[in-house]
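**Q** To start, I am sharing the structure in question, which I have written as structure tokens.
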Amino acid sequence: MSTFSDTSMTICCALSLTFHVLYNVFRLVSATAVDLCQSIWLVCWLFKRRNKCMISDKTCEYYEGNVFHVRKKPVLHEFSYPVRYTMVNLDEPPAWFIPIQGDHLTASAARQLS
């Protein structure tokens with residue numbers, strides 16, 4: 208009887224060790240695959256944003272993006288909305304930019320503020 212028990216214990220330990228090794232190999236492979244996929248996604252996302260979000264010419268630059276807000280207390284609430292900004296070169300404004308007196312800064316007034 209003792210030989211059966213010793214044999215069973217040896218088989219049980221060998222199976223346990225095998226499953227433990229296989230589990231750790233699976234965790235390593237799956238974590239590596241997830242990290243690789245996320246890295247590829249990040250590179251694609253950054254490349255896409257670089258090409259689409261910033262368009263520029265000599266007189267102005269256009270920026271697009273999303274504002275995302277999360278409030279966790281007292282109640283979870285989140286929202287996002289798209290935004291667009293235009294930076295205008297006040298020394299050489301584009302043809303469509305017509306400064307209205309008191310509505311926009313002139314180039315010299317902007318320099319005095321900075």
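Just so we're aligned, residue 208 is where the sequence shown starts under this note's numbering, counting upward by one. Where a beta carbon is used, it is the ideal one built from N, C-alpha and C, also for glycine.
Ignore the nearest five residues each way along the sequence and tell me which others in residue 288's own chain have a CB closer than 8 Å to its CB.
**A** Result list for residue 288: 273 and 274, in chain order.
**Q** Do residue 277 and residue 284 have their C-beta atoms closer together than 9 Å?
**A** Their beta carbons are under 9 Å apart, which means residue 277 touches residue 284 by this criterion.
**Q** What is the residue span of the beta strand (DSSP E) that residue 287 lies within?
**A** Per DSSP, residue 287 belongs to the beta strand (DSSP E) from 284-295.
**Q** Nearest-angstrom Cα distance between residue 316 and residue 252?
**A** Cα-Cα distance, rounded: 38 Å.
**Q** Looking at the unbroken alpha helix (DSSP H) that takes in residue 317, where does it start and where does it end?
**A** Looking at the DSSP string, the run of the alpha helix (DSSP H) that includes residue 317 is 314-320.
**Q** Looking at C-alpha atoms only, which residue of 282, 265, 312 and 291 is the closest neighbour of residue 302?
**A** Selected option, being the one with the closest Cα: 265.
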